[in-house]
Ligand code: PEP
Ligand code: MG
């Protein structure tokens, strides 16, 4: 039996066996009272450490490759923090006021600032706590004279409170087999990076830093979300066999990635990819995806300055051309809630998740929206593109967008600029209002796409940042299941396709139920697409339909979980364990 078993959120699948290596020096800082004559020397040491961190970050900034240019802004923000008087002066004053050493004064100041930022309503400002902590750690290491980590210490499992973009840039990831962090969610830097590099990773592991020991053997199970610290011989033998089996399975699914997603009884669906930037295009090409089901366009806007029409046009045209003849569904700007523009942060909305986000923001700030739509219409001539509107809650929003599109068409025509006309227009179903009028929306649109991540939150009335109500994030809840069925049926009655682009589509249980409800397409991060297609080929549409029917008849979540587990075991056998699922709970083998 392992010395300790911890649980986290699996964000990148796979199994890794190695030794724990802390990204940062997590030893408790020195807590020392000092005589008054030592005060100037501690203050000098702190100033020098902050300057050292600024220089190191400037060097890191120069090494950021062009494809990761968005990381430069985060590194620049950290450089600013390393010279911020609020941080530095407060720590310097504390040394003097309390007569304590620099490291202790710094820790107290960082803690105080983080507490202040963490308590803020605004998610943009709340996220700054992460940067303050990252900079604080660096200054602390510099003060303690800790040298940068060596790259090749053998196969290691990287343990950190969080990984900032600057950490990622400085790290040689060659020897890293697994990544474990305390902070972070499915869309954090850690998640995106580890998926891109195919390194198994878990985030949100409570108690990790206190429980893990440097150089201790450990196992990361990025399929079930477990980390085993100090495993025994039996654990090692079991997980070595599972790792090898899993890697053979992955090879096989990748080899067959271009085969169609057709069920055993001949029903075909489309398995598409979700992309967030053109950097992901190589992964998309290898994934065998039937087009891009969701291209999130926010990232170009989160760098500080608004992108120009030309910049957006180049980005979108490159993606459309690369994916052609497959379709790319571009979701128009979905800022607000967890992705705030700096100008929005200053609005200080009391509840941004219920505020000016998605289409509401775009219709209020039409200058920004029109620039994006012009770029999209122009990029449309490079291949096969479609438009998708986020956070729709009424028909009027769709009609307004159609009117703007007509105006832009006339404008572009008058300017003699080549552009696509009649691009398919779809809406995301993410709000309870959209569920209840999905028949009306279906008549006005060319397709529907269900954003289950937000839909579940809004249906269940839970704040996605509030862990006290995280237990209500329950996709098998009858309200969620009935909504999904209602949307799919409404789309089909109006003769249009319905796809699902939220995380539920990548979960084997969610996928089987959605297939049973008759969904036409699913989309997920490229790394999941080969496995999704493979699973679809192992299922029968009739089995999935029976399952969906039974689930819809039941009002008890536990019974549903049991039913779906049984059906999937029958259809997939032991391969079920190779799919990442949160729906089966921790009891999954
Ligand atoms: C969703 O809400 O399910 C979705 C796909 O959108 P995002 O995760 O980008 O909010
Ligand atoms: Mg959403």
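Residue numbers (this note's numbering): 998 to 1586.
Glycine residues also receive a C-beta, built at the ideal position from the N, C-alpha and C atoms.
It should be emphasised that the depicted structure is a prediction, and the values quoted were computed from it without experimental measurement.
Practice task
Verify whether the separation of the beta carbon atoms of residue 1172 and residue 1217 is less than 7 Å.
Solution key: In terms of Cβ geometry, residue 1172 and residue 1217 do not form a close pair [threshold 7 Å].
Handout entry: Burial state of residue 1204 (16 or more Cβ within 10 Å)
Key = exposed
Practice task
Would you check whether the ligand MG has a heavy atom nearer than 6 Å to the C-beta of residue 1427?
Solution key: yes
Practice task
Pick out whichever of 1243, 1164, 1019 and 1208 has its Cα sitting closest to the Cα of residue 976.
Solution key: Nothing can be reported for residue 976, as the shown portion of the chain is limited to 998 through 1586.
Practice task
Let me know the secondary structure DSSP gives residue 1021 once reduced to three states.
Solution key: coil
Exercise for the section: Identify, in the order they occur along the chain, each residue of the same chain with its Cβ nearer than 8 Å to the Cβ of residue 987, setting aside the five sequence neighbours on each side. Expected result: The chain is shown from 998 up to 1586; residue 987 falls before or after that span and cannot be answered.
Exercise for the section: Mind the definition here: the region 1026 to 1037 touches the region 1088 to 1105 only if three or more C-beta pairs lie below 8 Å; say whether that holds. Expected result: The region 1026 to 1037 makes contact with the region 1088 to 1105; the number of CB pairs closer than 8 Å reaches 3 or more.
Exercise for the section: Return the residue from the list 1308, 1480 and 1553 that minimises the CA-CA distance to residue 1373. Expected result: The residue with the shortest Cα to Cα distance from residue 1373 is 1308.
Exercise for the section: Would you be able to state if there are at least three C-beta pairs under 8 Å between the region 1503 to 1522 and the region 1247 to 1256? Expected result: no
Handout entry: Three-way DSSP call (helix, strand, coil) for residue 1381 in this model
Key = strand
Exercise for the section: Check residue 1388 in the structure and name its three-state DSSP category. Expected result: coil
Handout entry: Simplified DSSP state of residue 1030, which is helix, strand or coil
Key = strand
Problem - Given 8 Å, three or more beta-carbon pairs between the region 1073 to 1089 and the region 1103 to 1110 - result: yes
Handout entry: Check whether residue 1488 and residue 1445 have beta carbons under 7 Å apart
Key = yes
Handout entry: Beta-carbon gap between residue 1513 and residue 1545 smaller than 7 Å
Key = yes
Exercise for the section: Less than 8 Å between the CB atoms is what I'm expecting for residue 1427 and residue 1452, so what's the real figure, rounded? Expected result: 5 Å
Handout entry: Among 1386, 1474, 1412 and 1417, the one whose alpha carbon lies nearest that of residue 1431
Key = 1386
Problem - Best match in 1480, 1061, 1466 and 1276 for proximity to residue 1635 [C-alpha to C-alpha] - result: Residue 1635 lies beyond the range of the chain shown here (998 to 1586); nothing can be said about it.
Practice task
Please confirm whether any heavy atom of the ligand MG lies closer than 6 Å to the CB of residue 1588.
Solution key: Since the displayed the chain opens at 998 and closes at 1586, residue 1588 lies outside it and no answer follows.
Exercise for the section: Indicate whether the contact test is met: 3 or more Cβ pairs, each with one atom in the region 1561 to 1570 and one in the region 1277 to 1293, closer than 8 Å. Expected result: no
Practice task
Kindly indicate if chain B contains any beta-carbon less than 7 Å away from that of residue 1363.
Solution key: Here chain B cannot be found, since the structure has a single protein chain.
Practice task
Note down the Cα distance separating residue 1136 from residue 1047, rounded to an integer number of angstroms.
Solution key: 6 Å
Practice task
Along the alpha helix (DSSP H) that carries residue 1086, what are the first and last residues, could you check?
Solution key: 1082 to 1095
Exercise for the section: Identify which residue in 1404, 1520, 1045 and 1378 has its Cα closest to the Cα of residue 1415. Expected result: Put simply, of 1404, 1520, 1045 and 1378 the residue whose alpha carbon is nearest the alpha carbon of residue 1415 is 1378.
Problem - Heavy atom of the ligand MG within 6 Å of residue 1451 beta-carbon - result: yes
Problem - C-beta atoms of residue 1331 and residue 1364 nearer than 7 Å - result: Judged by their CB atoms, residue 1331 and residue 1364 are not nearer to each other than the 7 Å cut-off.
Handout entry: residue 1278 vs residue 1327 beta-carbon contact at 7 Å
Key = It is not a contact, given that the beta carbons lie outside the stated cut-off.
Problem - Contact set for residue 1017: own chain, Cβ-Cβ below 7 Å, skip 5 residues either direction - result: Contacts found: 1154, 1156, 1209, 1210, 1211, 1212, 1213 and 1215.
Handout entry: Euclidean distance between Cα positions of residue 1299 and residue 1310
Key = 17 Å
Practice task
Please classify residue 1571: is it buried, with 16 or more other beta-carbons within 10 angstroms of its beta-carbon, or exposed?
Solution key: exposed
Handout entry: Pairwise C-alpha distance: residue 1523 and residue 1197
Key = 15 Å
Problem - Between the CA atoms of residue 1261 and residue 1533 - distance to the nearest angstrom - result: 8 Å
Handout entry: Straight-line gap, residue 1190 to residue 1501 (C-alpha atoms, nearest Å)
Key = 21 Å
Problem - Reduced DSSP category for residue 1180 - H, G, I as helix; E, B as strand; rest coil - result: coil
Handout entry: Proximity below 7 Å, CB of residue 1268 to CB of residue 1282
Key = no
Handout entry: residue 1131 vs residue 1115 beta-carbon contact at 7 Å
Key = no
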